[in-house]
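>
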Amino acid sequence: MEIRLITADDADRIMPVRAYAFDATPLTPQRAEELVRYMSFRLQNTTLAAEEDGEVLASVSGIPMRQNLRGVVHPMLGVAGVVSNPLARRRGHVRTLMHDLMRRGREQGRPLSVLYPFRSGFYARLGYLGLTAAKTVTLRPEALASLLTVDLPGEVRLRRIAEGWEDVLALQDRFLGSRHGFTEFPEYRRHQPRDDDEHWLVTAHRDGRVVGALPYRITEYGGELAGGVLLHDGAIARALLLRFLAGHADQVQTITLSVPPAERPEQWSTDFAGTIASTVAIPHPAPPMVRVLDLPALTGLPAGEARVTITVVDDALLGGDWTLDGAGGALTVTPGASASEVRLTSAALSGLVYGALGPEEIVARGLGAVPAEAWDGISTLFPRADPWVYLDF
1 MEIRLITADD ADRIMPVRAY AFDATPLTPQ RAEELVRYMS FRLQNTTLAA
51 EEDGEVLASV SGIPMRQNLR GVVHPMLGVA GVVSNPLARR RGHVRTLMHD
101 LMRRGREQGR PLSVLYPFRS GFYARLGYLG LTAAKTVTLR PEALASLLTV
151 DLPGEVRLRR IAEGWEDVLA LQDRFLGSRH GFTEFPEYRR HQPRDDDEHW
201 LVTAHRDGRV VGALPYRITE YGGELAGGVL LHDGAIARAL LLRFLAGHAD
251 QVQTITLSVP PAERPEQWST DFAGTIASTV AIPHPAPPMV RVLDLPALTG
301 LPAGEARVTI TVVDDALLGG DWTLDGAGGA LTVTPGASAS EVRLTSAALS
351 GLVYGALGPE EIVARGLGAV PAEAWDGIST LFPRADPWVY LDF
């Protein structure tokens with residue numbers, strides 16, 4: 001078995017395995033042509049394939065992304081397109097490719113990684129830790145009617161998404177710099193919604209700048225207003241967008257929206273009624289998983305005033321003894337002098353760094369050994385937070 005770096009010229013070779021995993025198959029000739037074009041574009045990613053006698057057995061892709069971690073933007077390895085030939089599954093090919101991809105990501109200066117799993121347990125053994133799922137809100141427009149009479153500062157604009165795309169970019173850039181967990185695609189992939197131009201875009205504006213945005217489609221008269229992610233910078237921006245949606249009461253039956261895990265839709269309006277759901281299923285949908293690839297590269301990360309020593313076990317990238325110090329509010333990472341009683345898997349360490357887990361939860365889930373006397377220091381060093389990845393890939 002050979003691991004090979006795939007180029008755009010190999011799109012037609014790798015496409016059948018990708019299509020079998022993620023598409024309706026067998027493919028029609030027209031769909032096959034579409035996927036080859038799509039693959040040629042996506043192969044600007046770092047794509048690895050396991051081959052044997054010229055046949056693609058498995059493949060993984062790494063997307064060069066960026067992510068906000070506790071207020072600091074870092075290069076990030078987005079993992080996608082993880083596929084295996086049905087005749088070559090459960091032979092360790094994907095695991096081998098993932099180890100190679102993570103090593104390459106670290107060497108490229110990407111200390112963080114995010115993916116959406118087909119099975120969380122598989123990636124947990126590779127050091128990834130699952131985050132809280134985003135929420136899908138389903139409601140009737142009438143549930144927002146109380147907002148129609150509220151006098152709000154600002155205005156909304158309605159355009160095709162291609163026309164308003166610069167406003168979306170402005171919001172994304174602002175959130176990348178300010179929202180913990182927020183991610184951004186590379187330039188070659190970032191503009192696909194604009195290029196496809198298949199959605200309406202409603203934007204909220206205050207004091208001359210965009211403060212909220214929602215892409216959506218209307219399925220039919222009396223049908224659904226199918227919204228994407230409700231992106232806003234606060235309650236006023238959110239209310240401006242929701243008030244606009246309330247005006248569709250005599251046009252659509254239902255509205256669906258995607259919102260961050262920490263959003264509280266039941267507080268949107270006085271007469272709110274609807275369904276707020278987070279669905280987790282195997283193989284899809286599943287919440288994102290995160291991983292630290294390079295701990296010393298996180299030096300300077302905002303941290304609490306505490307000092308702890310840890311030992312990371314069973315991990316080729318992070319394994320070893322470390323001293324973590326938050327003196328002055330910034331993290332310093334140095335090799336430890338000896339083994340620590342705080343023994344963490346890489347998944348546990350990733351959960352602490354992202355604020356998704358506390359020390360007690362690590363013990364409760366069997367992700368490490370943390371003596372009770374170390375709980376306060378670890379919790380101070382890495383306070384709990386609510387990471388929101390935003391992008392799906």
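Those letters in the sequence shown? Residues 1 to 393, per full-length UniProt numbering, in order. Using N, Cα and C, we set each Cβ at its ideal position, and we do this for glycine too.
Who are L240's beta bridge partners in DSSP?
On the sequence shown, residue 240 is found 240 positions in, with the first residue counted as 1. Looking at the DSSP output, L240 shares a beta bridge with no other residue.
> Which word fits P265, buried or exposed, when buried means at least 16 other C-beta atoms lie within 10 angstroms of its C-beta?
Translated into positions along the sequence shown, residue 265 becomes position 265. Label assigned to P265: buried.
> Grouping DSSP H, G and I as helix and E and B as strand, with all else coil, what is Q108?
Residue 108 sits at position 108 when you count from the first residue of the sequence shown. Q108: coil per DSSP, three-state reduction.
> Can the beta-carbon of R243 be found closer than 8 Å to that of L147?
On the sequence shown, residue 243 is found 243 positions in, with the first residue counted as 1. On the sequence shown, residue 147 is found 147 positions in, with the first residue counted as 1. Taking 8 Å as the Cβ cut-off, R243 and L147 qualify as a contacting pair.
> In terms of alpha-carbon separation, which member of P285, E51 and P26 lies closest to T96?
Within the sequence shown, numbered from 1, the residue matching residue 96 stands at position 96. Here the closest residue by C-alpha is E51.
> How many angstroms separate the CA atom of L87 from the CA atom of H93?
Residue numbering aside, residue 87 sits at position 87 when the sequence shown is read from its first letter. Residue numbering aside, residue 93 sits at position 93 when the sequence shown is read from its first letter. Taking the straight line joining both Cα atoms gives about 12 Å.
> In three-state terms, what does DSSP make of Y216?
As a first step, residue 216 must be located in the sequence shown, where it is residue number 216. If DSSP states are grouped into helix, strand and coil, Y216 belongs with the strands.
> Since A204 and H232 should fall inside the 8 Å C-beta cutoff, what is the C-beta to C-beta distance between them, to a whole number of angstroms?
Taking the first residue of the sequence shown as position 1, residue 204 is located at position 204. Taking the first residue of the sequence shown as position 1, residue 232 is located at position 232. Sure, about 7 Å apart at Cβ, within 8 Å.
> Of all the alpha helix (DSSP H) runs that stay within the bounds of the UniProt domain "N-acetyltransferase" (1-151), which reach a length of 4 or more residues?
11-22, 29-42, 93-107 and 120-124
> Quick check for students: name the residue ranges of the alpha helix (DSSP H) that lie wholly in the stretch 186-234, counting only runs of 4 or more.
187-190 and 192-196
> Tell me the residue span of the beta strand (DSSP E) that contains I362.
Position 362 of the sequence shown holds residue 362. Looking at the DSSP string, I362 is not in any beta strand (DSSP E); the run it does join, the alpha helix (DSSP H), is P359 to A364.
> How is the beta strand (DSSP E) around T332 delimited, first residue to last?
On the sequence shown, position 332 is the one that residue 332 refers to. Element bounds for T332: T332 to P335.
> When the distance is taken between beta carbons, is V156 closer than 8 Å to L257?
In the sequence shown, the residue the question calls residue 257 occupies position 257. In the sequence shown, the residue the question calls residue 156 occupies position 156. No, these two residues do not count as a Cβ contact at 8 Å.
> Hey, R70 and P371: beta-carbon distance below 8 Å or not?
As a position in the sequence shown, residue 70 is number 70, starting the count at 1. As a position in the sequence shown, residue 371 is number 371, starting the count at 1. Against a cut-off of 8 Å, the Cβ pair of P371 and R70 comes out as no contact.
> Work out the CA separation of V211 and G274 for me, nearest whole Å.
Here residue 274 corresponds to residue number 274 of the sequence shown, with the count starting at 1. Here residue 211 corresponds to residue number 211 of the sequence shown, with the count starting at 1. Those two C-alpha atoms are separated by around 25 Å.
> Just the C-alpha distance for R31 and N85, rounded to the nearest angstrom, thanks.
The residue you call residue 31 lines up with position 31 of the sequence shown. The residue you call residue 85 lines up with position 85 of the sequence shown. The straight-line gap from Cα to Cα measures roughly 20 Å.
> A170 lies in the alpha helix (DSSP H); which residues open and close that run?
Position 170 of the sequence shown, counted from the first residue, corresponds to residue 170. Residues W165 to S178.
> Just the C-alpha distance for A327 and P383, rounded to the nearest angstrom, thanks.
Position 327 of the sequence shown, counted from the first residue, corresponds to residue 327. Position 383 of the sequence shown, counted from the first residue, corresponds to residue 383. In this model, A327 and P383 are separated by some 14 Å (Cα to Cα).
> What are the partner residues of I310, as DSSP defines its beta bridges?
Numbered from its first residue, the sequence shown carries residue 310 at position 310. Per DSSP, W322.
> Can you tell me the Cα-Cα spacing of P287 and T132, whole angstroms?
Mapped onto the sequence shown, residue 287 falls at position 287. Mapped onto the sequence shown, residue 132 falls at position 132. Roughly 6 Å separates the two Cα atoms.
> Between the Cα of I276 and those of P260, M289 and H284, spot the shortest distance and give me the residue it belongs to.
One-based indexing of the sequence shown puts residue 276 at position 276. Nearest C-alpha to I276: P260.
> Name, in chain order, the residues that DSSP records as bridge partners for V156.
Taking the sequence shown and counting its residues from 1, one reaches residue 156 at position 156. The partner list for V156 (beta bridge, DSSP) reads A204.
> Counting only the same chain and skipping the five closest in sequence on each side, list residues whose C-beta sits under 6 Å from that of A369.
For the purposes of this step, residue 369 is identified with residue 369 of the sequence shown, where counting begins at 1. Only R343 meet the Cβ criterion.
> Hey, residue 400 and S59 are a contact pair by Cβ (cut 8 Å); roughly how many whole angstroms apart?
Any question about residue 400 goes unanswered here, given that the chain covers just 1 to 393.
> Could you say which of H180, V389 and A347 lies nearest to V312 if we only look at CA atoms?
On the sequence shown, position 312 is the one that residue 312 refers to. The candidate whose alpha carbon is nearest that of V312 is A347.
> With distances taken from CA atoms, which of P29, Q108 and V83 is nearest T294?
Here residue 294 refers to the residue found at position 294 of the sequence shown. Sequence check: residue 294 is Asp here, not Thr. Ranking P29, Q108 and V83 by Cα distance to D294 puts Q108 first.
> Please report the straight-line C-alpha distance between T25 and Q251, rounded to a whole angstrom.
Indexing the sequence shown from 1 puts residue 25 at position 25. Indexing the sequence shown from 1 puts residue 251 at position 251. Looking at the two C-alpha atoms, the distance is approximately 36 Å.
> Under the criterion of a Cβ to heavy atom distance below 7 Å, does R66 qualify as lining the ligand FMN?
The model depicted lacks the ligand FMN and carries no ligand whatsoever.
> Looking only at its chain, what residues have a beta carbon closer than 7 Å to the beta carbon of L391, apart from the 5 residues adjacent to it on each side?
Mapped onto the sequence shown, residue 391 falls at position 391. So the list reads T183 and F185, once near-sequence residues are dropped.
> Since T254 is in the beta strand (DSSP E), which residue starts that stretch and which ends it?
Within the sequence shown, the letter at position 254 stands for residue 254. Looking at the DSSP string, the run of the beta strand (DSSP E) that includes T254 is T254 to V259.
> Below 8 Å, can you find three or more Cβ-Cβ pairs linking the stretch 42-57 to the stretch 5-24?
yes
> State the start and end residues of the unbroken alpha helix (DSSP H) segment that holds A347.
Your numbering for residue 347 matches position 347 in the sequence shown. S346 to Y354 is the extent of the alpha helix (DSSP H) around A347.
> Could you tell me the boundaries of the alpha helix (DSSP H) in which I276 lies?
Position 276 of the sequence shown, counted from the first residue, corresponds to residue 276. Bounds of any alpha helix (DSSP H) do not take in I276; it lies within the beta strand (DSSP E) bounded by G274 to A277.
> Under the DSSP definition of a beta bridge, which residues are partnered with T183?
As a first step, residue 183 must be located in the sequence shown, where it is residue number 183. T183 is bridged to Q67.
> Residue range of the alpha helix (DSSP H) that G377 falls in?
Taking the first residue of the sequence shown as position 1, residue 377 is located at position 377. Counting along the chain, the alpha helix (DSSP H) containing G377 begins and ends at W375 to L381.
> According to DSSP, P302 sits in a beta bridge with which residue or residues?
By one-based count along the sequence shown, residue 302 stands at place 302. The partner list for P302 (beta bridge, DSSP) reads A330.
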